[in-house]
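For reference, the structure discussed in these notes is given below.
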């Protein structure tokens with residue numbers, strides 16, 4: 001039963017996420033080579049920078065806006081190729097986020113301009129030439145990608161983009177002594193990108209406060225022999241309340257926490273579970289007097305063992321992002337005689 005409840009206690013842990021990243025992009029071309037060109041025709045590989053803002057909606061879904069700009073690397077050891085160009089995109093994305101993995105898809109609107117083609121002269125010199133007709137093209141594209149979070153703030157990403165109207169029939173300027181790499185070429189519609197981002201999630205305190213107020217706080221109960229305290233040493237607030245959420249029961253409350261924050265026992269008792277729970281990740285369950293139990297979930301580290309007696313305020317673990325969770329927070333439950341009850345009936349948190 002505990003495992004089943006854990007499966008339905010998915011929590012987002014955040015409302016927003018902002019990221020900045022660096023990517024390596026591979027662009028393919030269809031071309032007619034110039035037999036008089038003496039250079040090598042390497043792959044067109046560029047580097048890009050991006051900035052993204054994500055807004056979590058419900059369950060695992062999020063909307064995102066992203067901007068990308070391609071860096072000019074025409075003669076670097078690792079990047080370049082026989083074609084140079086400038087490129088920028090703005091994207092609208094819809095994604096699904098799990099604790100570590102994420103997938104997304106969307107549309108891009110962008111521009112490709114300032115195309116240059118590498119060439120060689122009869123005496124072995126090198127140069128860059130413009131097309132006969134300047135390329136300044138607005139494009140649209142479909143994109144899809146995956147993300148993998150190494151840590152809460154660092155992620156790897158891979159993306160495929162399908163251009164709907166790439167620049168085509170580009171003819172470089174040439175002369176008797178100057179030979180560009182191609183007689184003509186087209187940008188192929190498909191490109192691949194891999195990269196790394198620094199990504200920072202956060203919760204909106206105002207949004208969390210509104211959700212709790214909308215739920216209406218229950219009366220604060222006092223029980224003889226049992227007095228629950230806050231399960232975090234730091235000041236915290238509720239980011240997701242008790243009750244029905246996304247048509248699923250949320251059997252506890254989510255509390256704002258930082259990675260590795262101390263999680264403490266809300267009341268003295270005996271540890272009856274310290275390990276992995278389905279949906280909960282690393283969790284601790286403590287049995288107290290008068291039929292009460294508490295659960296502390298999504299932790300990155302457990303500091304107690306099953307069967308251990310703990311006192312109120314003792315550290316039982318460190319806050320984290322394990323289990324079915326898309327951001328660092330603490331999922332906290334109170335159970336009375338086997339029935340989940342609203343923790344806000346026993347503990348008040350700053351809002």
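Numbering (the working numbering), first residue to last: 1 to 351.
Ideal Cβ placement from N, Cα and C applies to all residues, glycine included.
- Ranked by how close their Cα comes to the Cα of residue 228, the residues 287, 205, 150 have 287 in first place.
- Taking a C-beta distance under 8 Å as the contact criterion, residue 264 and residue 307 do not qualify as a contact pair.
- In the displayed model, residue 257 falls within coil according to three-state DSSP, outside both helix and strand.
- Counting the other Cβ atoms within 10 Å of the Cβ of residue 177 gives fewer than 16, which makes it exposed.
- Taken atom to atom, the span from the alpha-carbon of residue 28 to that of residue 275 is near 49 Å.
- Beta-bridge partners assigned by DSSP to residue 26: 45, 192.
- The criterion of a C-beta distance shorter than 8 Å is not satisfied by residue 128 and residue 179.
- In this structure, the alpha-carbon of residue 50 lies about 50 Å from that of residue 292.
- Looking at the DSSP output, residue 78 shares a beta bridge with no other residue.
- The shortest CA-to-CA distance from residue 70 to any of 87, 64, 55 is the one to 87.
- Under the 8 Å Cβ criterion, the segment 110–130 counts as touching the segment 180–187, having at least three qualifying pairs.
- Counting C-beta pairs with one atom in each stretch, the segment 55–66 and the segment 37–47 have fewer than three that are closer than 8 Å, which means they do not touch.
- Between residue 282 and residue 300, the CB-CB gap stays under 8 Å.
- Of the residues 80, 142, 63, 102, the one whose Cα lies closest to the Cα of residue 108 is 142.
- Going by DSSP, residue 64 is part of the beta strand (DSSP E) stretching over 61–71.
- In the structure shown, the three-state DSSP call for residue 122 is coil.
- Residue 240 is bridged by DSSP to 254.
- Counting along the chain, residue 286 sits inside the beta strand (DSSP E) bounded by residues 281–287.
- Counted as a single uninterrupted DSSP element, the beta strand (DSSP E) harbouring residue 269 occupies residues 269–277.
- Take residue 187, set aside five residues on each side of it, and the residues of its chain with a beta-carbon closer than 6 Å to its own are 166, 167, in chain order.
- Boundaries for residue 266: no beta strand (DSSP E) harbours it, and the DSSP string shows neither H nor E there.
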